[in-house]
Amino acid sequence: MADSLPALMVESLVAAAFLGAAIAAFRSTLWIVVAAPTAHGVFDLAHGRFVANPGVPVWWPAFCLAYDVAAAAYLAWLLLNRRVRADAT
137 MADSLPALMV ESLVAAAFLG AAIAAFRSTL WIVVAAPTAH GVFDLAHGRF
187 VANPGVPVWW PAFCLAYDVA AAAYLAWLLL NRRVRADAT
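Final position of the sequence shown in my numbering is 225; the numbers increase by one with none missing.
Below, the structure is given as structure tokens:
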């Protein structure tokens, strides 16, 4: 969006890490899926300190943090109330 190759490279590495966490979670436990969006929301809140990306809107970090933490909390509630199984089997 902002013609920033370095930002694209850093964003791609972060995306690959979260993709790896998702694969690990679905092969082992969904609790990793609870942790990953929470970590992603915190990362987005501090995003500007790590990645200079002028294509990110000012409101995005707070929105992403709120959405990610809410989604993680809902999945944690489902797991704790045994509405969804946490293990891969």
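Backbone N, C-alpha and C fix where the C-beta goes; we use that ideal spot for every residue, glycine too.
These numbers come from a predicted model, not from an experiment.
- By the Cβ test, the region 185-199 is in contact with the region 139-149, since at least three Cβ pairs between them sit closer than 8 angstroms.
- A contact is defined here as three or more CB-CB pairs under 8 angstroms, and the region 159-173 meets this definition with respect to the region 196-209.
- W167 is the residue among A153, S148 and W167 whose C-alpha sits nearest the C-alpha of D223.
- For C200 against G177, the beta-carbon gap comes to about 6 angstroms, under 8 angstroms, which counts as contact.
- Annotation: V194 to L181 spans about 11 angstroms, alpha carbon to alpha carbon.
- Cβ-Cβ distances below 7 angstroms link A160 to I168 in the same chain, with the five nearest sequence neighbours on each side left out; the list follows chain order.
- DSSP places P197 inside the alpha helix (DSSP H), whose first and last residues are W196 to L216.
- DSSP places S148 inside the alpha helix (DSSP H), whose first and last residues are L141 to R163.
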